[in-house]
Amino acid sequence: MHSVSVKDLSLSFGPVEVLQKLDIDINDGEFLVLLGSSGCGKSTLLNCIAGLLDITDGQIFIKGRNVTWDEPSQRGIGMVFQSYALYPQMSVEGNLSFGLKNAKMPAAEISKRVGRAAEILQIGPLLKRKPAALSGGQRQRVAIGRALVRDVDVFLFDEPLSNLDAKLRADLRVELKQLHRQLKNTMIYVTHDQVEAMTLADRIAIMRDGSIQQLAKPDEIYNRPVNRYVADFIGSPSMNFMQGSIGAKGLTIGDVTLSIDGYKSATKLAKDDVIVGVRPEHVATGNDVADAVYCTKVTADLLEPMGADTLVWTKFAGHEMRFRMDGQVRLEEGQEVEIGLSPENLHLFDKVTEERL
Amino acid sequence: MADLAFKDACGPRPKKAFTLPNFIIYTTLTLLAIYYLAPLYVMIVTSLKTMPEVRLGNVFSLPQEVTIEPWIKAWATACTGLNCDGLSRGFWNSVQILVPSVVLSIAVASVNGYALAFWRFKGANLLFTILLFGAFIPYQVMLYPIVMILRDIGLYGDVWGLVIVHSIFGMPILTLLFRNYFSSLPEELFKAARVDGAGFWRILIRVLLPMSAPIVVVAIILQVTGIWNDFLFGVVYTRPESYPMTVQLNNIVNSTFGEKEYNVNMAATILTGLVPLVVYFVSGKLFVRGIAAGAVKG
Amino acid sequence: MSGNARPNRLFRNLSSKIASIPMALTALVIFIGCSAWTVVYSFTGSRLLPKTRWVGVDQYDRLWGTDRWIVSIENLAIYGGCMLVFSLTLGFVMAALLDQRIRFENTFRTVFLYPYALSFVVTGLTWQWMLNPTFGLQKVVRDFGFVDFTFAPLTNSDFAIYGVLLAGLWQGTGLVMVIMLAGLRGIDEDIWKASRVDGIPKWKTYIMIVLPLMRGALITAVVLVATSIIKVFDLIVAQTQGGPGLATEVPAKYVMDMMFRNQNLGQGFAASTMMLLFVMIILIPWAVYEYREKRRG
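Protein chains in written order, with our numbering: chain A, 7 to 363; chain B, 178 to 475; chain C, 4 to 300.
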């Protein structure tokens with residue numbers, strides 16, 4: 007049984023189609039991340055699943071039950087928001103118990119659940135405080151606690167870490183992952199941060215303009231992006247793209263021709279113009295060049311040292327290209343570097359449809 | 178040098194004791210302040226003079242011997258055309274009108290604003306637009322039909338009829354005020370409360386109203402001054418024995434009976450203006466916020 | 004409730020709809036219904052009680068043939084024109100002066116705004132006393148030795164309306180000042196830095212650059228002042244009772260007297276319909292402008 011199923015879900019505001027015929031099945035205990043740039047509809051989808059937005063068409067099932075028109079509180083979900091959305095006039099305890107009181111739960115049960123949540127999240131000493139007296143990280147823990155006390159199967163997270171500074175975000179990310187291991191709930195998590203997505207997700211759904219581009223495991227998304235958009239979106243720094251064409255001798259990019267014998271294509275490659283993508287970290291340098299199928303010398307036009315690595319900007323076969331080198335290698339701008347490319351590290355996309363070949 | 182000059186422009190302006198522009202600015206402001214303060218001064222000194230002394234001097238002259246007799250008379254025994262128990266009757270009438278009007282108008286408007294900000298239904302925005310336009314319709318256009326409606330429901334001439342009228346005409350501005358305030362609150366708070374199973378009224382009462390103190394205070398200021406200062410509705414919708422203070426004041430001062438007692442009139446005028454003045458001076462910036470927020474008020 | 008069937012639209016948000024009944028009644032019954040009723044009955048010959056005896060535009064013919072109405076309109080034009088010009092100019096100058104990082108800004112602002120907290124009745128009675136010919140400002144100046152000084156507008160039919168204007172300005176300019184000040188404070192500080200770098204004199208910056216940027220505040224002020232002008236009633240009743248003669252009669256007072264004193268409801272309805280028309284003339288261009296601005300921005 008799927009934990010959450012979205013069938014044929016559409017949402018439009020007047021003539022504007024915000025979500026278009028979405029189908030997603032989420033397994034029990036799965037951590038699914040909805041990833042996309044702002045305005046892609048990821049938060050909207052989450053709000054639809056929560057019941058905070060009335061959908062135009064389709065159905066939503068949670069634990070096999072059709073909840074399409076149920077109130078949010080009847081769906082068996084808990085939700086954590088970006089701005090924490092803690093009730094400022096209530097203490098932490100009040101915030102945690104508000105939903106349970108609304109459900110007319112006996113006081114003994116309420117205090118039991120609040121106690122348990124406080125223990126899991128280590129916010130016991132804060133229970134009597136008001137949200138204003140808490141730090142950002144503590145507030146987000148309370149917000150998670152509010153979902154926790156509801157004892158629900160499905161947790162919904164709407165960019166929960168976006169309001170925190172970088173270091174705290176990394177800490178809480180790990181905590182969230184541990185929490186998921188411990189609770190084994192189904193979690194649906196919306197973010198625009200690909201690092202969060204890659205590190206947390208069992209599967210990632212990449213959204214764009216209200217539809218899902220690719221729904222797959224993180225490594226699959228990284229290694230076999232289904233189209234140019236996904237390829238461009240995932241990976242930092244992002245993939246290099248070049249114009250090329252496939253001929254009898256292999257792949258031609260500008261004045262460079264290399265064999266593509268090792269390329270695992272999804273379809274039969276026809277002789278045609280293509281878009282060639284290569285990730286900066288997949289351009290071979292140093293000792294690795296020897297193993298590459300094609301190698302050449304390029305000029306380092308611009309260097310961006312980042313400590314562990316250095317990003318090198320260059321021209322390759324008439325295209326702007328970036329590649330990553332070990333940060334300890336001494337290199338000056340204007341110097342020549344040897345680089346290598348191999349077919350198994352290339353991504354080929356149809357020039358017109360931009361779908362993966 | 179350039180560096181130094183830049184610092185001057187950013188920091189507090191250097192205090193020069195006397196410059197021509199400053200002289201012009203402060204002189205103009207002071208003259209204006211005199212125009213604004215003179216009537217208040219005149220009212221106060223006149224109200225503290227005896228009648229013979231009023232006849233002797235001019236409006237600006239200070240009282241030779243201060244008397245509070247006019248104040249007592251204005252409060253307790255001054256005559257309107259109908260009775261001679263002074264402004265006290267009008268004061269208490271106004272209080273009786275004010276308290277329920279303020280409570281009812283704010284209660285209704287806060288619910289309106291809440292529904293408009295969070296529970297928009299089809300047609301809600303049209304209603305709101307009509308409401309805002311209504312703020313500009315001259316009251317005279319609606320006065321008579323409302324008399325008929327109040328007569329039909331048996332509230333014409335009753336204080337409660339006037340309370341309803343004040344709630345109706347206060348509604349556009351107050352609804353706008355609450356709608357804008359609620360819209361400025363994070364929507365996620367409302368969503369969180371819905372996930373927590375709170376319904377329409379519970380979200381309003383338990384979650385939103387406890388954090389609305391600032392806007393409720395602004396609304397109270399707006400309504401207390403507005404309703405206290407009302408003359409038109411008081412004249413039209415109440416009977417003489419329950420006339421509010423403004424109407425009573427006008428009847429005392431402009432009654433054509435007997436000799437004009439300017440000192441009593443001025444004491445009565447100050448007494449009537451006292452409530453909104455106290456509200457104004459106590460509330461300070463909130464009053465400004467109220468009229469700025471409610472700039473739509475006609 | 005089962006989630007299977009899409010619930011009836013009517014019952015979705017039901018609490019919200021029930022809670023909005025007072026608002027709906029106010030908007031539809033009072034603001035639209037009552038206004039429409041008055042407009043319709045302005046075409047009847049109603050006297051003491053509203054009657055559906057249709058008389059076409061007779062009431063309007065009579066209205067525009069009545070001296071008192073014509074004088075009321077003239078007075079409104081004089082009062083309104085002066086009020087607009089003076090309150091806007093004065094309000095802007097006051098706001099600009101207060102914006103010069105002066106000392107005692109709060110004190111001055113408090114002083115300029117307090118009359119706005121007072122009712123028109125209090126304002127009218129105060130200025131009636133200030134302008135009293137025997138004891139008021141005229142006497143003050145004469146006591147200084149200018150024996151021939153005359154300043155008693157309220158007793159002179161040619162100038163009485165300006166006496167009312169003085170009171171109206173005293174009460175209402177503070178509001179304009181506050182709106183203008185908010186407008187000034189809303190302008191990007193960098194504009195000032197830029198104009199100083201360019202060496203543009205301050206007064207020129209105000210007129211050429213700042214005023215156009217304050218369009219929103221200006222329009223708000225104009226609409227507020229204009230609608231308050233059309234509504235002016237209590238001030239006249241308290242200060243002059245419309246006199247001397249017809250010298251300070253205004254449309255709103257005409258309506259009230261016709262409806263509640265002269266038992267001539269039809270005339271009152273026709274005159275109030277004319278007032279509604281005046282407001283529409285101000286309001287509709289403004290609404291169109293705001294709507295366009297919203298679509299653009």
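C-beta atoms are modelled at their ideal positions from N, C-alpha and C, and glycine is treated no differently.
Just so it is clear, the structure is predicted and the values come from calculations on it, not from any experiment.
Legend entry - Backbone CA spacing between C:Phe138 and B:Ala253 [nearest angstrom]: For the purposes of this step, residue 138 of chain C is taken as residue 135 along the third sequence, with counting starting at 1. For the purposes of this step, residue 253 of chain B is taken as residue 76 along the second sequence, with counting starting at 1. Going from the Cα of C:Phe138 to the Cα of B:Ala253 covers about 26 Å.
Legend entry - Cβ pair A:Thr258, A:Ser251 closer than 7 Å: Stepping through the first sequence from its first residue, residue 258 of chain A is reached at position 252. Stepping through the first sequence from its first residue, residue 251 of chain A is reached at position 245. A contact, by the Cβ cut-off of 7 Å.
Legend entry - Whether A:Gly47 touches A:Met312 by CB criterion (7 Å): The residue given as residue 47 of chain A occupies position 41 in the first sequence. The residue given as residue 312 of chain A occupies position 306 in the first sequence. It is not a contact, given that the beta carbons lie outside the stated cut-off.
Legend entry - Where C:Pro16 meets chain B, residues with beta-carbon distance less than 7 Å: Within the third sequence, residue 16 of chain C is the residue found at index 13, counting from 1. The question names Pro, but residue 16 of chain C is Asn in the sequence shown. Ordered by position in chain B, the residues that pass the 7 Å Cβ test against C:Asn16 are Trp296 and Phe298.
Legend entry - chain B residues whose Cβ lies nearer than 8 Å to that of A:Tyr195: What you label residue 195 of chain A is simply residue 189 of the first sequence in a count that begins at 1. Under the 8 Å cutoff, chain B gives no residues; its nearest Cβ is about 16 Å from A:Tyr195.
Inset, instruction - Please name the residue, chosen from B:Thr223, B:Ile245, B:Lys250 and B:Ile249, that lies closest to B:Leu239 on a Cα-to-Cα basis. - result: Within the second sequence, residue 239 of chain B is the residue found at index 62, counting from 1. Residue nearest to B:Leu239 within the set B:Thr223, B:Ile245, B:Lys250 and B:Ile249 is B:Thr223 (criterion: CA-CA distance).
Legend entry - Span of the beta strand (DSSP E), counted from its first residue to its last, around C:Met211: Counting from one through the third sequence, the residue named residue 211 of chain C turns up at place 208. Taken as a continuous stretch (DSSP letters only), C:Met211 belongs to no beta strand (DSSP E), as it is neither H nor E.
Inset, instruction - List the endpoints of the continuous beta strand (DSSP E) containing A:Phe421. - result: Residue 421 of chain A lies beyond the range of chain A shown here (7 to 363); nothing can be said about it.
Inset, instruction - Anything in chain B within Cβ reach of A:Ala91, meaning under 8 Å, just list it in chain order. - result: For the purposes of this step, residue 91 of chain A is taken as the residue at position 85 of the first sequence. Pro363, Glu365, Leu366, Lys368 and Ala369, listed in chain order.
Inset, instruction - Could you give the DSSP three-state label for C:Gln266: helix, strand or coil? - result: Along the third sequence, one-based indexing puts residue 266 of chain C at 263. Coil, per DSSP.
Inset, instruction - State the start and end residues of the unbroken beta strand (DSSP E) segment that holds A:Ala211. - result: Position 205 of the first sequence, counted from the first residue, corresponds to residue 211 of chain A. Residue range Arg209 to Arg214 is occupied by the beta strand (DSSP E) that includes A:Ala211.
Legend entry - Near-chain B residues of the segment 230-264 of chain A - C-beta to any C-beta below 9 Å: Correct list: empty, as no residue qualifies.
Inset, instruction - Assign A:Glu23 to one of three DSSP states: helix, strand, or coil. - result: The residue given as residue 23 of chain A occupies position 17 in the first sequence. In the three-state reduction of the DSSP assignment, A:Glu23 falls in the strand class, which pools E and B.
Legend entry - Residues near A:Asp14 in its chain [Cβ-Cβ closer than 8 Å; skip 5 each side]: Here residue 14 of chain A corresponds to residue number 8 of the first sequence, with the count starting at 1. Excluding the 5 residues flanking it on each side, A:Asp14 has same chain C-beta neighbours closer than 8 Å at Lys27, Leu28, Asp29, Asp63, Gly64 and Gln65, in chain order.
Legend entry - A:Phe87, DSSP secondary structure in three states: Numbered from 1 along the first sequence, position 81 holds the residue referred to as residue 87 of chain A. The three-state secondary structure of A:Phe87, taken from DSSP, is coil.
Legend entry - Every unbroken alpha helix (DSSP H) inside the segment 131-190 of chain A [4 residues or more]: You should have 142-154 and 172-189.
Inset, instruction - Kindly indicate which three-state DSSP category B:Ala312 falls into: helix, strand or coil? - result: Against the second sequence, residue 312 of chain B aligns to sequence position 135. B:Ala312: coil per DSSP, three-state reduction.
Legend entry - Supposed close pair C:Met180, C:Ala98 - CB separation, criterion 8 Å: For this step, residue 180 of chain C is matched to residue 177 along the third sequence. For this step, residue 98 of chain C is matched to residue 95 along the third sequence. Correct: roughly 5 Å between the Cβ atoms.
Legend entry - C:Ala241 versus C:Trp57, C:Gly166, C:Arg15 and C:Gly202, residue with shortest Cα-Cα distance: Locating residue 241 of chain C in the third sequence gives position 238, where the first residue counts as 1. Closest option to C:Ala241, Cα to Cα, is C:Gly166.
Legend entry - Cut-off 6 Å between Cβ atoms - residues of its own chain near B:Pro247, not counting five sequence neighbours on either side: Here residue 247 of chain B is taken as the residue at index 70 of the second sequence, counted from 1. So the list reads Ser224, Asn440, Val441 and Ala444, once near-sequence residues are dropped.
Inset, instruction - Could you name the residues of the segment 383-414 of chain B whose beta carbon sits closer than 9 Å to any beta carbon of chain A, in the order they occur along the chain? - result: Listed by position, the residues of the segment 383-414 of chain B near chain A (Cβ gap below 9 Å) are Arg383, Val384, Pro387 and Met388.
Inset, instruction - Taking only runs that begin and end inside the segment 250-311 of chain B, name each unbroken beta strand (DSSP E) of 3 or more residues, in chain order. - result: Taking only runs of at least 3 residues, no beta strand (DSSP E) segment lies wholly in the segment 250-311 of chain B.
Legend entry - CB-CB length for A:Thr339 against A:Leu363, believed under 8 Å: Working through the first sequence from its first residue, we reach residue 339 of chain A at position 333. Working through the first sequence from its first residue, we reach residue 363 of chain A at position 357. Reading the sequence as shown, one finds Glu at residue 339 of chain A and not Thr. Taking a contact as a CB-CB distance under 8 Å, the pair A:Glu339 and A:Leu363 does not count as one, their CB atoms being some 36 Å apart.
Legend entry - Length at least 3, wholly inside the segment 217-273 of chain A: the beta strand (DSSP E) runs in chain order: Counting whole runs of 3 or more residues, the segment 217-273 of chain A contains the beta strand (DSSP E) stretches 217-222, 246-253, 256-259 and 262-264.
Inset, instruction - Look up A:Asp307 in the DSSP assignment and say whether it is helix, strand or coil. - result: Taking the first sequence and counting its residues from 1, one reaches residue 307 of chain A at position 301. Residue state, collapsed to three classes: coil.
Legend entry - is_contact[B:Val340, chain C] using C-beta, thresh 7 Å: As a first step, residue 340 of chain B is located in the second sequence; it is residue number 163 there, counting from the start. B:Val340 is outside the set of residues whose beta carbon lies under 7 Å from a beta carbon in chain C.
Inset, instruction - For the alpha helix (DSSP H) containing C:Val68, list its first residue and its last residue. - result: Position 65 of the third sequence, counted from the first residue, corresponds to residue 68 of chain C. In the sequence as displayed, the identity of residue 68 of chain C is Gly instead of Val. Boundaries cannot be given for C:Gly68, as no alpha helix (DSSP H) includes it and DSSP labels it neither H nor E.
Inset, instruction - Determine contact between the segment 282-299 of chain A and the segment 203-217 of chain A, defined as no fewer than three beta-carbon pairs at a distance below 8 Å. - result: Inter-segment contact for the segment 282-299 of chain A and the segment 203-217 of chain A is absent: fewer than three beta-carbon pairs are separated by less than 8 Å.
Legend entry - C:Val143 vs B:Phe237 beta-carbon contact at 7 Å: The residue you call residue 143 of chain C lines up with position 140 of the third sequence. The residue you call residue 237 of chain B lines up with position 60 of the second sequence. Closer than 7 Å, so yes.
Legend entry - Helix, strand or coil at A:Cys301 according to DSSP, with G and I counted as helix: Here residue 301 of chain A refers to the residue found at position 295 of the first sequence. If DSSP states are grouped into helix, strand and coil, A:Cys301 belongs with the strands.
Legend entry - Distance, B:Ser278 Cα to B:Pro322 Cα: Counted from its first residue, the second sequence places residue 322 of chain B at position 145. Counted from its first residue, the second sequence places residue 278 of chain B at position 101. Distance from the CA of B:Pro322 to the CA of B:Ser278, rounded to the nearest whole angstrom, comes to 21 Å.
Inset, instruction - Pull up the distance between the alpha-carbon of B:Pro229 and that of C:Asp64, whole angstroms please. - result: The residue you call residue 229 of chain B lines up with position 52 of the second sequence. The residue you call residue 64 of chain C lines up with position 61 of the third sequence. Taking C-alpha positions only, B:Pro229 is separated from C:Asp64 by approximately 52 Å.
Legend entry - Distance CB(A:Asn108)-CB(A:Val148) smaller than 7 Å: The residue labelled residue 108 of chain A in the question sits at position 102 within the first sequence. The residue labelled residue 148 of chain A in the question sits at position 142 within the first sequence. No Cβ-Cβ contact shorter than 7 Å links A:Asn108 with A:Val148.
Inset, instruction - Could you give the DSSP three-state label for B:Gly234: helix, strand or coil? - result: Here residue 234 of chain B corresponds to residue number 57 of the second sequence, with the count starting at 1. The three-state secondary structure of B:Gly234, taken from DSSP, is coil.
Legend entry - Other residues of its chain near A:Asn169: CB distance less than 7 Å, five sequence neighbours each side excluded: The residue you call residue 169 of chain A lines up with position 163 of the first sequence. Listed in chain order, the non-local C-beta contacts of A:Asn169 below 7 Å within the same chain comprise Gln88, Ser89 and Gly142, local neighbours out to five positions each way being set aside.
Inset, instruction - Compare the C-alpha of B:Thr402 against each of B:Ser271, B:Ser432 and B:Ala369 and name the closest. - result: In the second sequence, counting from the first residue as 1, residue 402 of chain B sits at position 225. Checking every option, the nearest Cα to that of B:Thr402 belongs to B:Ser271.
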